[in-house]
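Residue numbers (the working numbering), protein chains in the order written: chain A, 50 to 306; chain B, 50 to 306. Note that CB positions come from ideal geometry on N, CA and C, so glycine has one too. Please read the structure below before turning to the comments.
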């Protein structure tokens, strides 16, 4: 009996992946370096192109540095309140340095490797998050990382060929939020070829999301006619993302890609 | 006893993440649609920006279509031999269509949203892979997706604002390969700021990789002086990735980003 308990305790319920929630409030309780390193061991087992592991992770625990990072993430409170902020970075620098030291001429300072590095980095980041959640930790991705890359580059002293692509706050949950909605599978999965959406498809796929009281409330609060307008006019405006595209591109160039 | 067995069978060993291997050979045995959809349910619970789920997945089971996809992936045998090939795509089209139908003006046809979409898509893709592996399936990422995007776009009939970013082959394992090496944690994790690598650091971090008999064999087989040269001169050449950067950029433009 104890033996079985031991086995089960070391395992993760498959259902965990389906029942997960993003956690934005954390207990004032440390996450040990041993646990963190254990999670990294899992994360870095994720698939990686040519076994090159073209990523680095910056661990921020220092209160002052978290305070500096906070504006780069539009002052989302998780940055200051989480015990750990992780910045997952594309890193072609380490590999290129190795090449330089081994009579090899690296050619990884271009857009193709930026994208390949992004894939590599994000597979490791997401594996970290799954591993963290199976140990009872809560995580939150900050989409703001690609909005203000230059600020993050400066604060974390990222040199050339290193680029921040995802930030994750990590800690022991101090909330148990309700699970949010997701689109139905038929709205996302295509068999054999992409089946373009008819207007009836769109209506059906977004029906449940639009029916939610919380989403109806957003429309009222923002004085809009539709939920889509809350996205286009309030949360994610065209002019903002066009400016950010330029900032992102300039930061990539400056980092040597 | 049976009860415990039942619980354990529905769970995933934490160690699975650490013990994982990429699987390139598959049994000639189908993966059911029910199982596939169950895995998608887990995958689509991954974190997603603004709960927008800006991705689509194309499921390829048809032999003819797999044969067509094969050259886009440099004829890697997994494409034809796996029962399922999944192409994970950034998809700003569905969301933009919804906006169009709801009196909202979408502004997601730019580089910032391409990158944000890439993050969204890859978190879902990797969660799919973890879920698949916990059920005993084997997976392999094909890094070739961003090398030949236009071929894949044409074969899978991807319309504007849809872009392939990761391909995963999935099936029941027909091999049990040895686990490959990984860099030591200290080579990847940085505390507080990026600590640039000295030449001694590089030597130490790559020591184990360079000591492996299999890697020494690659040097001999390719008639090179160092393992790094196998990467720069044989596997991932500068001129190839520069040409691919241009192809990738052109394909992005053509898809409306």
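Could you spell out where the beta strand (DSSP E) holding residue i opens and where it closes?
i                      : result
residue 240 of chain B : 238-240
residue 105 of chain B : 104-109
residue 214 of chain B : 211-220
residue 140 of chain A : 133-140
Between the Cα of residue i and the Cα atoms of the options, which residue gives the shortest distance?
i                      : options                       : result
residue 159 of chain B : A:110, A:292, A:109 and A:222 : A:292
residue 75 of chain A  : A:199, A:222, A:215 and A:251 : A:222
residue 67 of chain B  : A:305, A:69, A:99 and A:173   : A:173
residue 128 of chain B : B:216, B:267, B:84 and B:275  : B:216
residue 305 of chain A : A:189, A:233 and A:156        : A:156
residue 85 of chain A  : A:65, A:107 and A:99          : A:107
residue 88 of chain B  : B:285, B:195, B:178 and B:282 : B:178
residue 197 of chain B : B:121, B:97 and B:241         : B:121
residue 303 of chain A : A:241, A:227, A:209 and A:280 : A:209
residue 83 of chain A  : A:181, A:166, A:267 and A:154 : A:181
residue 71 of chain B  : B:144, B:188, B:92 and B:115  : B:188
residue 91 of chain A  : B:99, B:202 and B:65          : B:65
residue 288 of chain A : B:78, B:245 and B:154         : B:154
residue 144 of chain B : A:226, A:246, A:116 and A:139 : A:246
residue 256 of chain A : A:235, A:152 and A:273        : A:235
residue 203 of chain B : B:114, B:273 and B:105        : B:114
residue 190 of chain A : B:96, B:141, B:241 and B:276  : B:96
residue 141 of chain B : A:101, A:297, A:296 and A:285 : A:285
residue 4 of chain A   : A:124, A:231, A:105 and A:298 : The structure shown does not extend to residue 4 of chain A, since chain A spans only 50 to 306, so no value can be given for it.
residue 139 of chain B : B:171, B:298 and B:262        : B:171
residue 101 of chain A : B:276, B:241 and B:130        : B:276
List the residues of chain A that residue i touches, going by C-beta distances under 7 Å, in chain order.
i                      : result
residue 257 of chain B : Under the 7 Å cutoff, chain A gives no residues; its nearest Cβ is about 12 Å from residue 257 of chain B.
residue 167 of chain B : 167
residue 293 of chain B : 161
residue 205 of chain B : 242 and 243
residue 274 of chain B : 152
residue 286 of chain B : 156
Does the distance from the C-beta atom of residue i to that of residue j stay below 8 Å?
i                      : j                      : result
residue 229 of chain A : residue 135 of chain A : no
residue 147 of chain B : residue 251 of chain A : yes
residue 212 of chain A : residue 163 of chain A : yes
residue 169 of chain A : residue 103 of chain A : yes
residue 294 of chain B : residue 161 of chain A : yes
residue 69 of chain A  : residue 94 of chain B  : yes
residue 18 of chain B  : residue 118 of chain A : In this structure chain B extends from 50 to 306, so residue 18 of chain B is not present and cannot be described.
residue 300 of chain B : residue 199 of chain B : yes
residue 264 of chain A : residue 283 of chain A : no
residue 214 of chain B : residue 193 of chain B : no
residue 126 of chain A : residue 110 of chain A : no
residue 280 of chain B : residue 166 of chain A : no
residue 152 of chain A : residue 77 of chain B  : no
residue 80 of chain B  : residue 186 of chain B : yes
residue 201 of chain A : residue 105 of chain B : no
So which residues on chain A does residue i lean against when the C-beta distance must stay under 8 Å?
i                      : result
residue 171 of chain B : 167, 168, 171, 172 and 175
residue 298 of chain B : 160
residue 201 of chain B : Residues of chain A passing the Cβ test: none, with the nearest at roughly 11 Å.
residue 290 of chain B : 156, 157, 159, 161 and 162
Please list, in chain order, the chain B residues whose beta carbon lies closer than 7 Å to that of residue i.
i                      : result
residue 229 of chain A : 100
residue 262 of chain A : Simply none; closest approach about 15 Å.
residue 232 of chain A : 102
residue 150 of chain A : 248 and 251
Using the beta-carbon of each residue, which ones in chain B are nearer than 9 Å to residue i?
i                      : result
residue 75 of chain A  : Chain B residues near residue 75 of chain A: none, gap ~16 Å exceeds 9 Å.
residue 278 of chain A : 148, 151, 152, 153 and 154
residue 86 of chain A  : 234 and 238
On the DSSP letters alone, give me the boundaries of the alpha helix (DSSP H) that residue i sits inside.
i                      : result
residue 166 of chain A : 160-183
residue 188 of chain B : Taken as a continuous stretch (DSSP letters only), residue 188 of chain B belongs to no alpha helix (DSSP H), being part of the beta strand (DSSP E) at 187-191.
residue 284 of chain B : Per DSSP, residue 284 of chain B belongs to no alpha helix (DSSP H) and is neither H nor E.
residue 97 of chain B  : From DSSP, residue 97 of chain B is part of no alpha helix (DSSP H); its letter is neither H nor E.
residue 81 of chain A  : Taken as a continuous stretch (DSSP letters only), residue 81 of chain A belongs to no alpha helix (DSSP H), as it is neither H nor E.
residue 270 of chain B : 262-270
residue 116 of chain B : 112-118
residue 198 of chain A : 198-204
residue 130 of chain B : 127-130
I want to verify the contact list: residues of chain A whose CB lies under 9 Å from the CB of residue i, in sequence order.
i                     : result
residue 89 of chain B : 234, 237 and 238
May I ask you to list, following chain order, the residues of the stretch 94-118 of chain B that have a beta carbon less than 9 Å from some beta carbon of chain A? Only those residues of the stretch 94-118 of chain B whose C-beta falls short of 9 Å from the nearest C-beta of chain A are listed: 94, 95, 96, 97, 98, 99, 100, 101, 102, 104, 105, 106, 107, 108, 109, 110, 111 and 114.
Select from the stretch 184-195 of chain A all residues with a C-beta closer than 8 Å to any C-beta belonging to chain B, and list them in chain order. 184, 188, 189, 190, 192 and 195
According to a CB-to-CB cut-off of less than 7 Å, which residues of the stretch 121-147 of chain B neighbour chain A? 143, 146 and 147
Of all the residues that make up the stretch 207-222 of chain B, which are near chain A by a beta-carbon distance shorter than 8 Å? Across the stretch 207-222 of chain B, CB contacts with chain A closer than 8 Å involve 207, 208, 211, 214 and 215, in sequence order along the chain.
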